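To start, the structure under review is shown below, and the notes come after it.
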Amino acid sequence: MSEDESLLVNPFRESFSSRQHPQPCVVVIFGATGDLTHRKLVPAIYNLAFDGDLPLPLKVVGFARRPKTDEEFRTNLETLNRDVSRQGHDDAFWEPFSQSVSYHQGEFQDVEAYRSLARRLDAIYRKNGALGNRLFYLASAPEFFDDILQGLKDSRLNEPVSGCWSRVVVEKPFGTDLPSAQHLNQVVAQTFPEEDTYRIDHYLGKETAQNLMVLRFANTIFEPLWNQHHIECVQITCSEDLGMEGGRGGYYDKSGALRDMVQNHLLQLLSLVAMEPPTDLSADGVRDEKVKVIRSLRRMRDPESVAANVVRAQYTGGSIAGNEVAGYREEDRVHPESLTESYVALRLHIDTWRWSAVPFYVRMGKRLPKKATEISIHFKSPPGVLFNNGKSGAKNENVLVIRIQPDEGHSLKITSKVPGAALRLESVKMDFRYRTSFGKASPEAYERLLLDAMAGDATLFARRDEVEEAWRFIDEIEKAWHESENPPPMADYPAGSWGPGTADDLLAEGGHIWRRL
Ligand code: BG6
Numbered sequence: 331m332s333e334d335e336s337l338l339v340n341p342f343r344e345s346f347s348s349r350q351h352p353q354p355c356v357v358v359i360f361g362a363t364g365d366l367t368h369r370k371l372v373p374a375i376y377n378l379a380f381d382g383d384l385p386l387p388l389k390v391v392g393f394a395r396r397p398k399t400d401e402e403f404r405t406n407l408e409t410l411n412r413d414v415s416r417q418g419h420d421d422a423f424w425e426p427f428s429q430s431v432s433y434h435q436g437e438f439q440d441v442e443a444y445r446s447l448a449r450r451l452d453a454i455y456r457k458n459g460a461l462g463n464r465l466f467y468l469a470s471a472p473e474f475f476d477d478i479l480q481g482l483k484d485s486r487l488n489e490p491v492s493g494c495w496s497r498v499v500v501e502k503p504f505g506t507d508l509p510s511a512q513h514l515n516q517v518v519a520q521t522f523p524e525e526d527t528y529r530i531d532h533y534l535g536k537e538t539a540q541n542l543m544v545l546r547f548a549n550t551i552f553e554p555l556w557n558q559h560h561i562e563c564v565q566i567t568c569s570e571d572l573g574m575e576g577g578r579g580g581y582y583d584k585s586g587a588l589r590d591m592v593q594n595h596l597l598q599l600l601s602l603v604a605m606e607p608p609t610d611l612s613a614d615g616v617r618d619e620k621v622k623v624i625r626s627l628r629r630m631r632d633p634e635s636v637a638a639n640v641v642r643a644q645y646t647g648g649s650i651a652g653n654e655v656a657g658y659r660e661e662d663r664v665h666p667e668s669l670t671e672s673y674v675a676l677r678l679h680i681d682t683w684r685w686s687a688v689p690f691y692v693r694m695g696k697r698l699p700k701k702a703t704e705i706s707i708h709f710k711s712p713p714g715v716l717f718n719n720g721k722s723g724a725k726n727e728n729v730l731v732i733r734i735q736p737d738e739g740h741s742l743k744i745t746s747k748v749p750g751a752a753l754r755l756e757s758v759k760m761d762f763r764y765r766t767s768f769g770k771a772s773p774e775a776y777e778r779l780l781l782d783a784m785a786g787d788a789t790l791f792a793r794r795d796e797v798e799e800a801w802r803f804i805d806e807i808e809k810a811w812h813e814s815e816n817p818p819p820m821a822d823y824p825a826g827s828w829g830p831g832t833a834d835d836l837l838a839e840g841g842h843i844w845r846r847l
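Sequential numbering of the sequence shown, starting at 331, is according to my numbering.
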């Protein structure tokens, strides 16, 4: 074992890895002093190392503008890791782990900073021939993505060392509309080939999202029912209790719920629920099917169809878990007359043979009562001839709930007879929880996605056409809201409630109600 390898071996844990093979590499993180690096990326690498899942040797180089020594950088990372690491912070493990992390100061526009980075990476490679692979992670503010890609190209860091690979991971937001996403795709394509480009959507790395294909295609009981003949509606809810803490209002007020969460995370979940079985599990096999779903979404080309199918709203002051909180327009860095939505609910239709006439209801909101994301598949009620004639009690509806977070798992609601002489029916739940069935918490999404990028597996990353199709769909709604003469109205809801009444009306029109989380 080389000196580098011994640094990262966790003496306390055995590796449970059964994944494909990620390869040793240097991970260069641009935007290394930011929140994402401190809260997600480095803790993910730490946890992978702790579990013995990391390919070794591995080095992390943080690139950012602020002057900082390696030691200062490591101390900052350590402070956050103590708070956020999935499995706690082990001083004895952190010490050698942190030695594989270093800092490279540079301006994103400065050609010399990339040249010196190239020299640094060459030195690492010369010292250890296993470290020729390079994973460039764009975790900076998105306005610097162009500069960073240009810098990588000018310094020829995008060109792999002979026999090695060079890949780029691009964080969200991937553009703010179709033209900006197309522009970014073009710049990326001039620097890295598509097969070395990893557009991250961390929802795809969540354990239950990954399990969606397994649930559908590795079981025989769901797929025959997974269509318009048996499904009444599908609901996808992403609820967050947080508002605009930590100065987030500045970014969010320019984005809004539709762009921030629906264009990416929720349309990705929807495509996994609605896709046809892929011909194989290759990255393109899966993504070919997903993109067809997004392409089949019924478009809302005019403000009237947007008004009829989409509800947007902002929270007003209210209370969450007993604490008084301000309204959206009073939040730090939010414009007092902002027209940005903190909540959106959509009724979507997928115009395919399988899904014809099945509404997909999707909602996302900030300052709702709790943090939870779930997908629910509502099956049609049985004919009311025997039990469902209105006299026997509860409505007999089978619902399959896929809990993305928290408490990852599935439950199936079925109807059962209440014990006793009378014929009374009630809903009961068959429940599966990852934590109890597998005896351990699921890894963080970033852990899985980083490993996949190191393994060259892009299945859980968005492809160029998926991102562009999603923007094409979203842009029409944004246009109706912000550019039409008669824009659809902005509703409001008190913080701590489940959103505006108009979102309930959207479902009531089809005889449906939102599932209570
Ligand atoms: C991010 C959004 O992509 O996802 C945030 O920008 C949101 O607004 C976050 O809060 C939610 O991620 P998670 O994993 O906490 O559900």
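A virtual CB, placed ideally from N, CA and C, is assigned to each residue, including glycine. A quick note: this is a predicted structure, and the numbers were derived from the prediction, not measured.
**Item:** Beta-carbon proximity check, Leu-755 vs Val-748, cutoff 8 Å
**Value:** Within the sequence shown, the letter at position 425 stands for residue 755. Within the sequence shown, the letter at position 418 stands for residue 748. Val-748 sits close to Leu-755, with the two beta carbons spaced by under 8 Å.
**Message:** Based on DSSP bridge pairs, tell me the residues matched to Ala-613.
**Reply:** Numbered from 1 along the sequence shown, position 283 holds the residue referred to as residue 613. Paired residue(s): none; Ala-613 is not in a bridge.
**Item:** 6 Å CB neighbourhood of Gly-586 in its chain, flanking five on each side removed
**Value:** As a first step, residue 586 is located in the sequence shown; it is residue number 256 there, counting from the start. Once the five neighbours on either side are set aside, the close Cβ partners of Gly-586 are Thr-670 and Glu-671.
**Request:** Consider the Cβ of Ala-751: report whether some Cβ of chain B lies at a distance smaller than 8 Å.
**Result:** Judged by its chain identifiers, the structure shown contains no chain B, having just a single protein chain.
**Prompt:** What do you reckon, is the C-beta of Lys-502 under 7 Å from a heavy atom of the ligand BG6?
**Reply:** Locating residue 502 in the sequence shown gives position 172, counting from the first residue. Checking every heavy atom of the ligand BG6 against the Cβ of Lys-502, one is found closer than 7 Å.
**Message:** Restricting to runs no shorter than 4 residues, where is the alpha helix (DSSP H) found entirely within the region 751–783?
**Reply:** 764–768
**Prompt:** Of the choices Gly-714, Asp-477 and Pro-736, whose alpha-carbon is the least far from that of Val-518?
**Reply:** Residue numbering aside, residue 518 sits at position 188 when the sequence shown is read from its first letter. It is Asp-477 whose Cα lies nearest to the Cα of Val-518.
**Prompt:** Nearest-angstrom Cα distance between Leu-790 and Leu-596?
**Reply:** Taking the sequence shown and counting its residues from 1, one reaches residue 790 at position 460. Taking the sequence shown and counting its residues from 1, one reaches residue 596 at position 266. Distance between the alpha carbons of Leu-790 and Leu-596: 14 Å.
**Item:** Cβ-based neighbour list, Arg-763, same chain, cut-off 8 Å, excluding 5 preceding and 5 following
**Value:** Within the sequence shown, residue 763 is the residue found at index 433, counting from 1. Counting only Cβ-Cβ distances below 8 Å, and skipping sequence neighbours, we find Asp-737, Glu-738 and Gly-739.
**Message:** Let me check one thing: in DSSP terms, what residues is Pro-818 bridge-paired to?
**Reply:** If you number the sequence shown from 1, residue 818 lands on position 488. Note: Pro-818 sits in no beta bridge, so no partner.
**Message:** Between Gln-417 and Phe-380, how many whole angstroms is the CB-CB distance? I'm expecting something under 8 Å.
**Reply:** Residue 417 sits at position 87 when you count from the first residue of the sequence shown. Residue 380 sits at position 50 when you count from the first residue of the sequence shown. At roughly 6 Å, the Cβ-Cβ gap stays under 8 Å, so Gln-417 and Phe-380 are in contact.
**Classification of His-665 by the beta-carbon crowding that lies within 10 angstroms, buried from 16 upward** = For the purposes of this step, residue 665 is identified with residue 335 of the sequence shown, where counting begins at 1. Exposed, because fewer than 16 other Cβ atoms sit within 10 Å of the Cβ of His-665.
**Item:** Close-in-space but distant-in-sequence residues of the same chain around Met-784 (CB under 7 Å, 5 per side omitted)
**Value:** The count along the sequence shown starts at 1 and reaches residue 784 at position 454. Hits under 7 Å: Pro-352, Gln-353, Cys-355, Pro-385 and Leu-465.
**Message:** In this structure, how does DSSP classify Ser-569 when only helix, strand and coil are distinguished?
**Reply:** Numbered from its first residue, the sequence shown carries residue 569 at position 239. If DSSP states are grouped into helix, strand and coil, Ser-569 belongs with the strands.
**Request:** Return yes when the C-beta of Met-591 is under 7 Å from any heavy atom of the ligand BG6, and no when it is not.
**Result:** Mapped onto the sequence shown, residue 591 falls at position 261. Checking every heavy atom of the ligand BG6 against the Cβ of Met-591, one is found closer than 7 Å.
**Prompt:** In whole angstroms, what is the alpha-carbon distance linking Arg-846 and Gln-735?
**Reply:** Walking along the sequence shown from the start, residue 846 turns up at place 516. Walking along the sequence shown from the start, residue 735 turns up at place 405. Each residue's Cα considered, the two are about 15 Å apart.
**Prompt:** Should Met-901 go down as buried or exposed, given a rule of 16 or more other Cβ atoms within 10 Å for buried?
**Reply:** No answer is possible for residue 901: the residues shown for the chain start at 331 and end at 847.
**Spatially closest choice to Gly-648 from Ser-767, Gln-520, Ser-827 and Lys-809, by CA coordinates** = Mapped onto the sequence shown, residue 648 falls at position 318. Considering only alpha carbons, the answer is Ser-827.
**Asked** What number of angstroms, rounded off, separates the C-alpha of Val-621 from the C-alpha of Leu-514?
**Response** What you label residue 621 is simply residue 291 of the sequence shown in a count that begins at 1. What you label residue 514 is simply residue 184 of the sequence shown in a count that begins at 1. Cα to Cα, the separation comes out at about 19 Å.
**Item:** Straight-line Cα distance separating Val-603 from Ala-724
**Value:** Locating residue 724 in the sequence shown gives position 394, where the first residue counts as 1. Locating residue 603 in the sequence shown gives position 273, where the first residue counts as 1. Only weak support is given to the placement of Ala-724: the predicted model assigns it a pLDDT of 49, under 50, and the question is left unresolved by the model.
**Prompt:** Leu-338 to Val-414, Cα distance in whole Å?
**Reply:** Here residue 338 is taken as the residue at index 8 of the sequence shown, counted from 1. Here residue 414 is taken as the residue at index 84 of the sequence shown, counted from 1. Low per-residue confidence applies at Leu-338: pLDDT is 49, beneath 50, and the placement is therefore not dependable, though the value from the model is reported in the following sentence. Taking the straight line from one Cα to the other gives about 20 Å.
**Message:** Let's see if you can read the secondary structure: which residues bound the alpha helix (DSSP H) around Thr-538?
**Reply:** Position 208 of the sequence shown, counted from the start, is the residue given in the question as residue 538. Per DSSP, Thr-538 belongs to the alpha helix (DSSP H) from 537–547.
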